[in-house]
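Report on the following structure.
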Amino acid sequence: MESSYLIEARQLAYKINEVKLFSNFSFTLKAGEALHIKGSNGSGKTTLIRILCGITPATKGEILKKDDLVFTYLGHKNALKTYLSIRDNISLLGLSKNEDLKTLLTSLNLQNKLDVIIANLSFGQQKKVALLRIFLSNSDLILLDEPFVGLDSASHNLLCKFLESRLNNGAGLIYTSHISAGIASKDISID
Amino acid sequence: MLREILIIVIKKFIHQFASPKTYFYQVNRLYPWLLYISLFIYLFAIIWGLLFTPKDFVQGHSYRIIYFHVPASFVAQSLYAAMAISSAVFLIWRVKLAAYLARSIAPIGAMVTFIALVSGSIWGIPTWGTWWEWDARITSTLILFIMYLGLISLHNSFNNFDKADKLLAYLAIIGFIQIPIIKKSVDWWSSLHQPASITISDKPSIDPSMLYPLFMSMIGFAGLVACLVILSSKVQIYIREKNKSWVKDHV
Amino acid sequence: MKLLLPYTNEALKLIKKTRAWIGPILIFILIMVAFPLTVELSSTNLSDAFYPVLFISILLVMMLATEDIFLEDYEDGSLELLLISNKSLSQWVFIKIFIHWLFIGVPISLLGAFFNIGANNDLNSSLMLLPALGISTYIFLILFCFGNSLSLTKGSVLGTLITLPLTLPILVILGKLTSAIIFNINYFEFLILLFGILSIIIFAFPAIISRIIKTHLE
Chain A
261 MESSYLIEAR QLAYKINEVK LFSNFSFTLK AGEALHIKGS NGSGKTTLIR
311 ILCGITPATK GEILKKDDLV FTYLGHKNAL KTYLSIRDNI SLLGLSKNED
361 LKTLLTSLNL QNKLDVIIAN LSFGQQKKVA LLRIFLSNSD LILLDEPFVG
411 LDSASHNLLC KFLESRLNNG AGLIYTSHIS AGIASKDISI D
Chain B
499 MLREILIIVI KKFIHQFASP KTYFYQVNRL YPWLLYISLF IYLFAIIWGL
549 LFTPKDFVQG HSYRIIYFHV PASFVAQSLY AAMAISSAVF LIWRVKLAAY
599 LARSIAPIGA MVTFIALVSG SIWGIPTWGT WWEWDARITS TLILFIMYLG
649 LISLHNSFNN FDKADKLLAY LAIIGFIQIP IIKKSVDWWS SLHQPASITI
699 SDKPSIDPSM LYPLFMSMIG FAGLVACLVI LSSKVQIYIR EKNKSWVKDH
749 V
Chain C
17 MKLLLPYTNE ALKLIKKTRA WIGPILIFIL IMVAFPLTVE LSSTNLSDAF
67 YPVLFISILL VMMLATEDIF LEDYEDGSLE LLLISNKSLS QWVFIKIFIH
117 WLFIGVPISL LGAFFNIGAN NDLNSSLMLL PALGISTYIF LILFCFGNSL
167 SLTKGSVLGT LITLPLTLPI LVILGKLTSA IIFNINYFEF LILLFGILSI
217 IIFAFPAIIS RIIKTHLE
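Protein chains in written order, with the numbering used here: chain A, 261 to 451; chain B, 499 to 749; chain C, 17 to 234.
Dropping the structure here:
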């Protein structure tokens, strides 16, 4: 049965120590769609995203992915080496040769700080460096867990514009956010 | 067609057997029999061994501690093997009951190893003149004891039980290497310990009149320890399945 | 060249984090230099006590070297990223252990053999000691990494205590090896034994460690 979904979840449930976190959670995401997962604190939004990434196994239910689905993920942790500079982190991620890198760094206001150690940057600046990986990726599916926290309004708008353009190019987006994102998306609640 | 039926039947059987509830009720029925039979065998063997066997040529009466020491040592190693097998079953087939079993064996194994070490020390005083010696078998049994303790502390330090089960399983399987080390250590390094008296191929080097009570005491002790393991596993099931309705009804 | 990239990445990370690399080496030098001072105070022969002190200090230093070896990558999210990106986690573990051995184990082996020349005035025994030290530092490193991975989230003390029993047989073999070196018998057999143990665990343990790390990430 031909289906243009990127990722589909069927009746996902998750338990910790036999205590149910959420159950019977299902959705379908097609190319070009954005899904906003809502829920109160502790309802399992982060766990759900990690289940979709494949890090955590779901207790029940199944996830169907398109063949060869490439996805990028940014969660609460930045995946940056705090004792290395921005430049070193970029080369560790293999992004130094990317042609969009220079313009991106300028628009994020980081072009003068390339040799600053990550630990010496502010929270928002670290978040921006972490988002570089998302900006410079070309994946089918983007998974973001609270991406807007700590961003100034310029970077917030930059991220929204980037996500919208990727959506228009046929990628999919699943994100959680307390802050309103300003992206046209389906809402689904996990409670 | 027959193959599909067979697969379904086997899966149902494993599923049923692997259910903690079934295990619990089966084991409850088995327990009194096991307890009384093993107790009888063990006491019989002890009395026979302590009172009705002749003096040893070299060691006199002090060798009789063998009826405590050898069963404890043998059971300590077998328990670890059982724990390792249970852990492997848990990792491969995801049978939760196997994880409960592995966790419940650990403290019992620690206790039995401790009995083996202490009884060995007591035996050592009249025989070798010392209660401790860093020879191969004693040291590797001490390592076994420490490993049991390590397994218990590893499992207890995690709040998430699923994670704790898996880590316990990995450690138990890797630590299994020390069982052949214990068995072979006496052959590889000359030490105070005597070589194994009972091997599979050769004739036993111990007198038959002492051998039979020894065998009986091993069987009896193994049965008693199995009872302890059953009790421990029941406690584990109570702890882990406490939210299930059948546990609430039972208690 | 592309194949060497993960190696150079990990090497770069370790080099920049100098305290994780130079620290263990300096501690080793400190212990080995301090030991003759204590021999002055007691009356034991220097060369008698040398080998045990050498092996125990190598054990201790390898234990220190693996403290937080995976914790940093766990806490900043690099491990999750690695897990998602379909790259082989066990290969990454292997590379990490190898780079640590290259930067910490090899210098310590060389230093140990060098100190042996000073303590025993014998070049031949140092040459025999060197490969044994190289192999056993790698084995210790692997075992302590295994322990560290088990208690990744709960601090490294628990993990090292758990794996300490597993290292004791290696110490026994090293003890036998010293008498083999001193009396010049059976040396190659013990070396082959150590090498055999290493060859079994060098590829098997990274796979197991990667499974354990995956369990922690859940």
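Cβ atoms here follow ideal geometry from the backbone N, Cα and C, with glycine treated the same way.
Would DSSP call A/MET261 helix, strand or coil?
Here the question's residue 261 of chain A lines up with position 1 in the first sequence. Its pLDDT being 41, under 50, A/MET261 is placed unreliably in this model, and the coordinates cannot settle the point.
Which runs of the beta strand (DSSP E) spanning at least 3 residues fall entirely within the segment 388 to 421 of chain A, listed in chain order?
Entirely contained in the segment 388 to 421 of chain A, the beta strand (DSSP E) runs reaching 3 residues are, in chain order, 401 to 405.
Between the C-alpha atoms of A/ILE377 and A/GLU406, what's the straight-line distance to the nearest angstrom?
By one-based count along the first sequence, residue 377 of chain A stands at place 117. By one-based count along the first sequence, residue 406 of chain A stands at place 146. About 24 Å.
Nearest-angstrom Cα separation, counted from B/GLY607 out to B/LEU647:
What you label residue 647 of chain B is simply residue 149 of the second sequence in a count that begins at 1. What you label residue 607 of chain B is simply residue 109 of the second sequence in a count that begins at 1. Taking the straight line from one Cα to the other gives about 9 Å.
Taking Cβ positions only, does C/GLU234 come closer than 9 Å to chain D?
Of the chains in the structure shown, none is chain D; the protein chains are A, B and C.
For the alpha helix (DSSP H) holding B/THR520, just list the boundary residues, first then last.
Locating residue 520 of chain B in the second sequence gives position 22, counting from the first residue. 518 to 549 is the span of the alpha helix (DSSP H), which, as asked, contains B/THR520.
May I ask you to list the residues that DSSP assigns as paired with B/VAL749?
Within the second sequence, numbered from 1, the residue matching residue 749 of chain B stands at position 251. As computed with DSSP, B/VAL749 is found in no beta bridge at all.
Alpha carbon to alpha carbon, how far is C/GLY145 from A/GLY302?
Along the third sequence, one-based indexing puts residue 145 of chain C at 129. Along the first sequence, one-based indexing puts residue 302 of chain A at 42. Looking at the sequence shown, residue 145 of chain C is not Gly but Leu. Rounded to the nearest angstrom, the two C-alpha atoms are 57 Å apart.
Sub-9 Å separation of A/VAL330 and A/ASN277 beta-carbons
As a working note, residue 330 of chain A is residue 70 in the first sequence. As a working note, residue 277 of chain A is residue 17 in the first sequence. No.
Ends of the alpha helix (DSSP H) at A/ASP447?
The residue labelled residue 447 of chain A in the question sits at position 187 within the first sequence. That residue, A/ASP447, is in no alpha helix (DSSP H); its beta strand (DSSP E) goes 446 to 449.
For the beta strand (DSSP E) containing A/LYS298, list its first residue and its last residue.
Along the first sequence, read from residue 1 onward, the residue named residue 298 of chain A stands at position 38. First-last of the beta strand (DSSP E) with A/LYS298: 294 to 298.
Using 10 angstroms around the beta-carbon of A/ASN338, count the other beta-carbons present and answer buried if the total reaches 16, otherwise exposed.
Position 78 of the first sequence holds residue 338 of chain A. Around the C-beta of A/ASN338, 16 or more other C-beta atoms lie within 10 Å, and the residue is accordingly described as buried.
Can you name the residues that DSSP bridges to A/GLY432?
Against the first sequence, residue 432 of chain A aligns to sequence position 172. Residue pairing by DSSP puts A/GLY432 in a beta bridge opposite A/LEU401.
For B/PHE656, would you say it is in contact with chain C, using Cβ-to-Cβ distances shorter than 9 Å as the test?
As a first step, residue 656 of chain B must be located in the second sequence, where it is residue number 158. Cβ-Cβ to chain C under 9 Å: yes for B/PHE656.
Give a yes or no on whether 9 Å exceeds the smallest Cβ distance from B/ASP747 to chain A.
For the purposes of this step, residue 747 of chain B is taken as the residue at position 249 of the second sequence. For B/ASP747, no Cβ of chain A is located within less than 9 Å of the residue's own Cβ.
Taking A/ASN429 as the reference, give the member of A/PHE282, A/HIS336, A/GLY292 and A/THR319 with the closest Cα.
Position 169 of the first sequence, counted from the first residue, corresponds to residue 429 of chain A. The option with the nearest alpha carbon to A/ASN429 is A/GLY292.
Beta-carbon gap between B/PHE674 and B/PRO569 smaller than 9 Å
Against the second sequence, residue 674 of chain B aligns to sequence position 176. Against the second sequence, residue 569 of chain B aligns to sequence position 71. No.
Check the C-beta distance from B/LEU640 over to B/LEU669 and give it rounded, since I have them as a contact under 8 Å.
Stepping through the second sequence from its first residue, residue 640 of chain B is reached at position 142. Stepping through the second sequence from its first residue, residue 669 of chain B is reached at position 171. Contact between B/LEU640 and B/LEU669 is absent: CB atoms are separated by about 18 Å, not below the 8 Å threshold.
To which residues does DSSP link A/GLU268 through a beta bridge?
On the first sequence, residue 268 of chain A is found 8 positions in, with the first residue counted as 1. Looking at the DSSP assignment, A/GLU268 forms a beta bridge with A/THR288 and A/LEU324.
Integer-rounded CB distance, given that A/ALA441 should sit under 8 Å from A/PHE408:
The count along the first sequence starts at 1 and reaches residue 408 of chain A at position 148. The count along the first sequence starts at 1 and reaches residue 441 of chain A at position 181. Indeed, because the Cβ distance is near 7 Å, the residues count as touching under 8 Å.
Does B/TYR668 get closer than 9 Å to chain C when you measure Cβ to Cβ?
In the second sequence, counting from the first residue as 1, residue 668 of chain B sits at position 170. The Cβ of B/TYR668 sits closer than 9 Å to at least one Cβ of chain C.
Thinking C-alpha only, which one of C/ILE47, C/VAL188 and C/ILE158 is nearest C/ILE111?
Position 95 of the third sequence holds residue 111 of chain C. Distance check between C/ILE111 and each of C/ILE47, C/VAL188 and C/ILE158 places C/ILE158 closest, using alpha-carbon atoms only.
Within chain C, the residues that B/MET645 reaches when beta carbons sit closer than 9 Å
Against the second sequence, residue 645 of chain B aligns to sequence position 147. ILE178, PRO181 and LEU182, listed in chain order.
Cβ-based neighbour list, A/HIS416, same chain, cut-off 7 Å, excluding 5 preceding and 5 following
Within the first sequence, residue 416 of chain A is the residue found at index 156, counting from 1. Take A/HIS416, set aside five residues on each side of it, and the residues of its chain with a beta-carbon closer than 7 Å to its own are PHE408, in chain order.
Which residues DSSP lists as bridging A/VAL456, in chain order
Not covered by the structure: residue 456 of chain A. The range shown for chain A is 261 to 451.
Does the segment 594 to 612 of chain B come close enough to the segment 540 to 552 of chain B that 3 or more CB-CB pairs lie under 8 Å?
No, the segment 540 to 552 of chain B is not in contact with the segment 594 to 612 of chain B.
Is the CB of B/ARG601 under 9 Å away from at least one CB in chain A?
The sequence position of residue 601 of chain B within the second sequence is 103, counting from 1. It does not; no Cβ of chain A falls within 9 Å.
Hey, C/PHE44 and C/VAL69: beta-carbon distance below 9 Å or not?
Within the third sequence, numbered from 1, the residue matching residue 44 of chain C stands at position 28. Within the third sequence, numbered from 1, the residue matching residue 69 of chain C stands at position 53. With a cutoff of 9 Å on beta-carbon distance, C/PHE44 and C/VAL69 are scored as not near each other.
Hey, quick one: how far does the alpha helix (DSSP H) through A/THR332 stretch, first residue to last?
As a position in the first sequence, residue 332 of chain A is number 72, starting the count at 1. Per DSSP, A/THR332 is not a residue of any alpha helix (DSSP H); the beta strand (DSSP E) it occupies stretches across 331 to 334.
Using the Cβ count rule (16 or more neighbours within 10 Å means buried), how would you classify B/TRP531?
Mapped onto the second sequence, residue 531 of chain B falls at position 33. With fewer than 16 neighbouring CB atoms inside 10 Å of its own CB, B/TRP531 falls in the exposed class.
Under the rule that 16 or more other beta-carbon atoms within 10 Å means buried, what is A/ASP348, buried or exposed?
Within the first sequence, residue 348 of chain A is the residue found at index 88, counting from 1. Taking all protein chains shown into account, A/ASP348 has 16 or more neighbouring C-beta atoms within 10 Å of its C-beta and is therefore buried.
Would you mind telling me which residues of chain B sit closer than 9 Å to A/GLU278, beta carbon to beta carbon, in chain order?
In the first sequence, the residue the question calls residue 278 of chain A occupies position 18. Here the neighbours are PHE659, ARG738, GLU739, LYS740, ASN741 and LYS742.
Sheet register partners of A/SER437 (DSSP bridge)
Residue mapping note: residue 437 of chain A aligns to position 177 of the first sequence, counting from 1. Per DSSP, none; premise fails for A/SER437.
Less than 9 Å between the C-beta atoms of B/ILE677 and B/GLN575, yes or no?
Position 179 of the second sequence holds residue 677 of chain B. Position 77 of the second sequence holds residue 575 of chain B. Yes, these two residues count as a Cβ contact at 9 Å.
Residues of the segment 192 to 207 of chain C with a CB closer than 8 Å to any CB of chain A: list them in chain order, please.
Residues: none.
State the CB to CB distance for the pair B/PHE643 and B/PHE612, rounded to an integer number of angstroms; the pair is presumed to be in contact (CB under 8 Å).
Taking the second sequence and counting its residues from 1, the one referred to as residue 643 of chain B is at position 145. Taking the second sequence and counting its residues from 1, the one referred to as residue 612 of chain B is at position 114. Confirmed, Cβ separation roughly 6 Å.
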